[in-house]
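Structure first, commentary second.
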Amino acid sequence: MPSIEPLLMPRWFSSIVIRFRSIVLIIFTLFLDIFDLLKSIIFKLFMNEFIQNLTILNRLTDITGPYVEDFLGIITGSHYSLVNVSDDSFSIGSSACYLFKQKNKRDYNNPDIYDILHIYLSKILYESPDRIKEQCADWGFNKELIEICSYIQSDDLRKYTYIIQAAVIKHEESNTIIIAFRGTQPMALLQWMTDASTNFIPINNVFNDDANNIKTNDNEIQVHAGFYYALGLDQLKPLDKIDFSKVTSKTPMFIQLLNCIQKFHRNDNKFNISITGHSLGGGLASLFSFILLVYGYESSISGVYTYGQPLVGDHRYAKILNNKLGNRFHRWVNHSDIVTRIPVVPLPSIAWYYAQTLYSDALKAAAKSSQVESNPSDQHYYHSGLRFKIDNQGNLVRQNLIDQGPILAFEDRLDLFHFIYSIVNVIHSLCFITPLRSFLWLTTPVEINDHFPGDYARKIKNIVKKINEQQ
Numbered sequence: 001m002p003s004i005e006p007l008l009m010p011r012w013f014s015s016i017v018i019r020f021r022s023i024v025l026i027i028f029t030l031f032l033d034i035f036d037l038l039k040s041i042i043f044k045l046f047m048n049e050f051i052q053n054l055t056i057l058n059r060l061t062d063i064t065g066p067y068v069e070d071f072l073g074i075i076t077g078s079h080y081s082l083v084n085v086s087d088d089s090f091s092i093g094s095s096a097c098y099l100f101k102q103k104n105k106r107d108y109n110n111p112d113i114y115d116i117l118h119i120y121l122s123k124i125l126y127e128s129p130d131r132i133k134e135q136c137a138d139w140g141f142n143k144e145l146i147e148i149c150s151y152i153q154s155d156d157l158r159k160y161t162y163i164i165q166a167a168v169i170k171h172e173e174s175n176t177i178i179i180a181f182r183g184t185q186p187m188a189l190l191q192w193m194t195d196a197s198t199n200f201i202p203i204n205n206v207f208n209d210d211a212n213n214i215k216t217n218d219n220e221i222q223v224h225a226g227f228y229y230a231l232g233l234d235q236l237k238p239l240d241k242i243d244f245s246k247v248t249s250k251t252p253m254f255i256q257l258l259n260c261i262q263k264f265h266r267n268d269n270k271f272n273i274s275i276t277g278h279s280l281g282g283g284l285a286s287l288f289s290f291i292l293l294v295y296g297y298e299s300s301i302s303g304v305y306t307y308g309q310p311l312v313g314d315h316r317y318a319k320i321l322n323n324k325l326g327n328r329f330h331r332w333v334n335h336s337d338i339v340t341r342i343p344v345v346p347l348p349s350i351a352w353y354y355a356q357t358l359y360s361d362a363l364k365a366a367a368k369s370s371q372v373e374s375n376p377s378d379q380h381y382y383h384s385g386l387r388f389k390i391d392n393q394g395n396l397v398r399q400n401l402i403d404q405g406p407i408l409a410f411e412d413r414l415d416l417f418h419f420i421y422s423i424v425n426v427i428h429s430l431c432f433i434t435p436l437r438s439f440l441w442l443t444t445p446v447e448i449n450d451h452f453p454g455d456y457a458r459k460i461k462n463i464v465k466k467i468n469e470q471q
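Residue 9 in UniProt numbering sits at position 9 of the sequence shown, with consecutive numbering throughout.
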């Protein structure tokens, strides 16, 4: 029998040649794009204005982001976003049809299959609209009942900037609407600026009954300014009727989402709404659940599921969500995930102040703000919701339950420099996930690695499986 090795070698060699040629082509095209950018940089080489430099940096990240994704896609063979390229599993272990046919009364004090579904929905939101719809169709949803909404302000960096995306998914048989928000994309500078705009901004409190027990001189709720503007809440007027016939892609995000809810739900039947998101998406999910309460959807909210969520508001904000949603709000924390511990206190948004004043004026404003006498709870961020924390063994630890009230960020202990934990994950990722995920565990701090949505998804699946086996 003739040997087949001479036939295998050319195929192996040609595979390397094709990949090498693709990488060279990407690099060459990238240089062409950067050349155009360099022309504007030369004219501004000796200018230190923050906005001009920030504009250049934003354009640079916009240009390089797709090339980095393509490069990693060629190397790994997994053509997903930077968040998912190292872990491209999207198996929830069930289908939407089976999930929503369950008639058993849910125990909201324990995680279940719904927590699994919503983390995977949060994970797929990092992908393109077409891929989102394709994956949701694989899970059993109807493509025709999925709408992707976006809201962008990137023209004027002297204002709050944002590039956010949300999917509104309708499951017809159960009359359920799911709203999922996209988190921060690694190469999206404007989304990082949204995260960094941690100064408080007030929203008028329409829930007077919830504020009576808090002795303050006003009835305001303070929330994260970046999230506030990302949802378009500067145009929030709860007493005015919304004209949904005028909704466009430039309409504030919260109105676009309310419009989708109005369009999807059947007026003659009760319907359920669940909201979810990872990272920045979790913060937006929390804040939008508050907006749904403002517009009278309290009885329709079946659950709020956030993963790696940053803090969103002050004590008054957290208290209202706790009182209204109770244990329907599941807030997941994976071990040492740093994002769930920030921000602690409101700080001036440096990008925002740079756009209007000198840096020294920003520092003076920060010092003056810290000297104002007020209720201490007004000067800190607080978490709301029923916290499900995953320890370093992948077990569920129930702490700070809803009846203990809002909690401060620094009350959530952070395990720093967990060397053995990292090594175990390096080996596990190499054997069962991807070499790239193993490399990230080897080179990136635990506090960042624990924030990946894929790690949340796998651990939550195992936790739910253990709970089901014990029942």
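All C-beta atoms in this analysis are idealised placements derived from N, C-alpha and C, irrespective of residue type, glycine included.
Candidates the options: closest to residue i by CA position
i, options, result
"E147", "D130, V446, D138", "D130"
"K101", "T340, T176, I119", "T176"
"W139", "Q309, G326, G93, H380", "G93"
"I390", "R341, H335, Q379", "H335"
"I75", "F227, P445, P435, Y381", "P435"
"D234", "H451, R341, I201", "I201"
"M253", "V426, L236, K263, K461", "L236"
"S128", "S91, Q185, V446, V294", "Q185"
"S122", "N392, S89, G65", "S89"
"F227", "S245, H79, C97, S197", "S197"
"I169", "L189, E144, L190, Q153", "E144"
"V339", "V294, L239, G183", "G183"
"V247", "R316, F290, K319, Y151", "Y151"
"R316", "Y381, H265, I342, Y305", "Y381"
"D70", "L30, S95, N109", "L30"
"A318", "Q191, V223, T61, F271", "V223"
Cβ separation of residue i and residue j, assumed to be a contact under 8 angstroms, to the nearest whole Å
i, j, result
"I255", "I273", "Not quite, the Cβ-Cβ distance comes to about 16 angstroms (not below 8 angstroms), so this is no contact."
"K441", "F388", "The residue asked about is misnamed: residue 441 is Trp in this sequence, not Lys. Incorrect: roughly 23 angstroms between the Cβ atoms, too far for contact."
"G394", "K324", "Going by Cβ atoms, the distance from G394 to K324 rounds to 32 angstroms, so no, they are not a contact pair."
"L117", "L99", "6 angstroms"
"H383", "L311", "6 angstroms"
"H330", "D195", "About 22 angstroms; that fails the 8 angstroms criterion."
"M193", "T161", "5 angstroms"
"G282", "T306", "3 angstroms"
Buried or exposed (CB count within 10 angstroms, at least 16 for buried), residue i
i, result
"E469", "exposed"
"Q471", "exposed"
"S299", "exposed"
"L280", "buried"
"N259", "buried"
"E172", "exposed"
"G77", "exposed"
"I27", "exposed"
"residue 480", "Not covered by the structure: residue 480. The range shown for the chain is 1 to 471."
"D87", "buried"
"C136", "buried"
"R106", "exposed"
"S81", "buried"
"P346", "buried"
"I433", "buried"
"S249", "exposed"
"N269", "exposed"
"residue 482", "Not covered by the structure: residue 482. The range shown for the chain is 1 to 471."
"K461", "buried"
"Q262", "exposed"
"K466", "exposed"
"Q356", "Caution applies to Q356, whose pLDDT of 44 falls short of 50 and renders its modelled position unreliable; the model cannot decide the point."
"L189", "buried"
"S289", "buried"
"L231", "buried"
Distance CB(residue i)-CB(residue j) smaller than 8 angstroms
i, j, result
"D112", "V464", "yes"
"A167", "N199", "no"
"I221", "D314", "yes"
"I301", "L287", "no"
"residue 486", "C149", "No statement about residue 486 is possible, as the shown extent of the chain runs from 1 to 471 and does not include it."
"G277", "F181", "yes"
"G385", "L430", "no"
"G303", "R328", "yes"
"G84", "G454", "Going by the sequence as given, residue 84 is Asn instead of Gly. Taking 8 angstroms as the Cβ cut-off, N84 and G454 qualify as a contacting pair."
"I23", "I63", "no"
"G308", "Y120", "no"
"I275", "I179", "yes"
"V206", "V294", "yes"
"D337", "H428", "no"
"S438", "V446", "no"
Any chain D beta carbon closer than 8 angstroms to residue i
i, result
"N334", "Structure shown: chain D not included; a single protein chain is present."
According to DSSP, residues forming a beta bridge with residue i
i, result
"F181", "A166, G277"
"F329", "V304"
"R316", "DSSP, once it has assigned bridges, lists no residue as partnering R316."
"P202", "Q222"
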